[in-house]
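Going from the sequence shown to the working numbering is simple: count from 1 and add 28.
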Amino acid sequence: MLCEPPDGHGLGPVRPRRAIQRRRRQGRRSNGGQASALVERACGDSSAPSRERGAGERTPTRARLRESYDRDMKRKRRRRLAPVPSPAASLEQRALPIVSELARVAKGSDPPRVKLEGAMEILFGAYGESDLEFSGLFLTGWLRAREDKQVKLTLAWQREQIRLSLQDILTEGAASGAFHADLDPGAVAAVILGVAEGCLLQGATQGGPVTAEQLLRTLLWLVVSEA
């Protein structure tokens with residue numbers, strides 16, 4: 029309902045106060061709805077398909093992103109790297125074939141001289157340049173043995189097994205007359221092992237003036253009887 033202004037100055041029809049307030053409330057509702065639509069469009073409404081992404085694809089919600097992250101983390105936890113062997117285990121694993129081969133030679137049926145020559149070839153080959161993997165592990169083991177008890181025990185076991193195989197061959201040769209009858213099998217076995225370890229140190233410094241072959245022949249000459 030329109031009414032004339034009370035002063036009659038001809039300013040045109042004036043709307044009642046209630047009508048004006050109603051109109052303002054309707055305008056606020058309309059503006060609020062438009063603002064909500066803009067916010068939902070900007071943030072991504074997961075309840076309605078995105079026009080830009082396509083009718084069949086929905087905007088990822090925070091919950092879906094969290095599920096994807098959890099799946100990735102579980103997958104990574106399942107992956108188990110291969111265990112890295114300890115220095116002592118690596119040295120023992122690499123030395124076992126050498127120790128076993130020397131024991132096999134010592135228990136064989138060949139003459140003592142053939143056994144000793146074959147055993148020294150295996151030993152000098154392992155400690156020399158022909159087996160760089162083993163010689164590298166052995167050099168590293170010597171350094172670690174000062175601080176690592178397991179490495180120290182592994183080296184001690186390995187040296188003792190090698191020495192015993194050499195001692196068995198020397199004992200058999202001395203008893204059969206193939207070697208000098210008055211030689212000490214235990215001491216000579218330790219000397220042979222020490223010379224082989226010396227070859228290892230020479231190899232680490234680009235070789236020495238005396239080759240492993242020369243050392244082997246010299247040891248045989250000292251041990252073998254000429255009778």
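Every residue gets a Cβ at the ideal spot worked out from N, C-alpha and C, and that includes glycine.
Cβ distance (whole Å) where residue i is taken to contact residue j below 8 Å
| i | j | result |
| --- | --- | --- |
| Val142 | Ile190 | Actually they are not in contact, since the Cβ atoms of Val142 and Ile190 sit about 18 Å apart, beyond 8 Å. |
| Pro213 | Leu198 | 4 Å |
Cβ-based burial, residue i [other Cβ within 10 Å; buried from 16]
| i | result |
| --- | --- |
| Asp196 | buried |
| Leu124 | exposed |
| Thr246 | exposed |
| Met148 | buried |
| Ala215 | exposed |
| Leu160 | exposed |
| Arg172 | buried |
| Glu241 | exposed |
| Gly222 | exposed |
| Val238 | exposed |
Where residue i falls: helix, strand or coil (DSSP)
| i | result |
| --- | --- |
| Val252 | strand |
| Leu243 | helix |
| Arg81 | Because Arg81 sits at a pLDDT of 48, beneath the cut-off of 50, its placement in the model cannot be relied upon, and the point is left open. |
Proximity of residue i and residue j at Cβ, strictly below 9 Å
| i | j | result |
| --- | --- | --- |
| Glu115 | Gln178 | Checking the sequence shown, residue 115 turns out to be Pro, not Glu. For Pro115 and Gln178, yes; Cβs fall inside 9 Å. |
| Thr182 | Leu119 | yes |
| Leu228 | Phe166 | yes |
| Glu200 | Ala206 | yes |
| Ala224 | Phe152 | yes |
| Leu250 | Leu194 | no |
| Phe162 | Arg99 | no |
Check: residue i C-beta below 8 Å from any heavy atom of the ligand SAM
| i | result |
| --- | --- |
| Leu144 | Judged by which ligands are present, the structure shown has none, so any question about the ligand SAM falls away. |
Whole beta strand (DSSP E) elements within the segment 106 to 192, 3-residue minimum
none
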